[in-house]
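In mature numbering (1 follows the signal peptide of the UniProt record, and there is no 0), the protein residues as written are -19 to -1, 1 to 89.
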């Protein structure tokens, strides 16, 4: 019965509720790659990257977050074997840019 409840719960939890580890990975890649708008100072980069990663997690899937990391680094190992599409990753990042700008208080 517990296993069945877990399976049901897994389907009911939105895909946007991703593991905190993945959000942290995305934020760390963002910081390491300096993948922030020019208006973000170096000392604000970790907070911005964390905010951006949380917005992406809220609105995206695990593969979209992994695609964003791959886009930032060019390293397809972030995909964990899933197919990578440069265009899909870019589309996801661009589609979230207004949400990120509002939530993370940034001007482009």
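Heads up, the beta-carbon is just placed ideally off N, CA and C, and yes, glycines get one too.
Is the stretch 61 to 68 close to the stretch 17 to 29, with three or more CB pairs under 8 Å?
no
Quick one, which of 55, 31, 62, 15 has its alpha-carbon nearest residue 2's?
Sequence index remark: in the chain shown, residue 2 carries index 21 (1-based). Cα-wise, what sits closest to residue 2 is 31.
Whole angstroms is fine: what's the gap from residue 60's alpha carbon to residue 48's?
As a working note, residue 60 is residue 79 in the chain shown. As a working note, residue 48 is residue 67 in the chain shown. Those two C-alpha atoms are separated by around 7 Å.
Might you give, ordered along the chain, the residues of its own chain that have their beta carbon closer than 8 Å to the beta carbon of residue 45, omitting 5 neighbours on each side?
Walking along the chain shown from the start, residue 45 turns up at place 64. Excluding residues up to 5 positions away in sequence, 37, 69, 70, 73 lie with their Cβ nearer than 8 Å to the Cβ of residue 45 in the same chain.
Tell me whether residue 90 sits in a helix, a strand or coil according to DSSP, three-state version.
Residue 90 lies beyond the range of the chain shown here (-19 to 89); nothing can be said about it.
Report the rounded CA-to-CA distance for residue 41 versus residue 56, giving the unit in angstroms.
Here residue 41 is taken as the residue at index 60 of the chain shown, counted from 1. Here residue 56 is taken as the residue at index 75 of the chain shown, counted from 1. Looking at the backbone, the Cα of residue 41 and that of residue 56 are separated by about 20 Å.
Taking the alpha helix (DSSP H) that residue 49 belongs to, which residues open and close that run?
Counting from one through the chain shown, the residue named residue 49 turns up at place 68. Where residue 49 is concerned, the enclosing alpha helix (DSSP H) stretches over 43 to 54.
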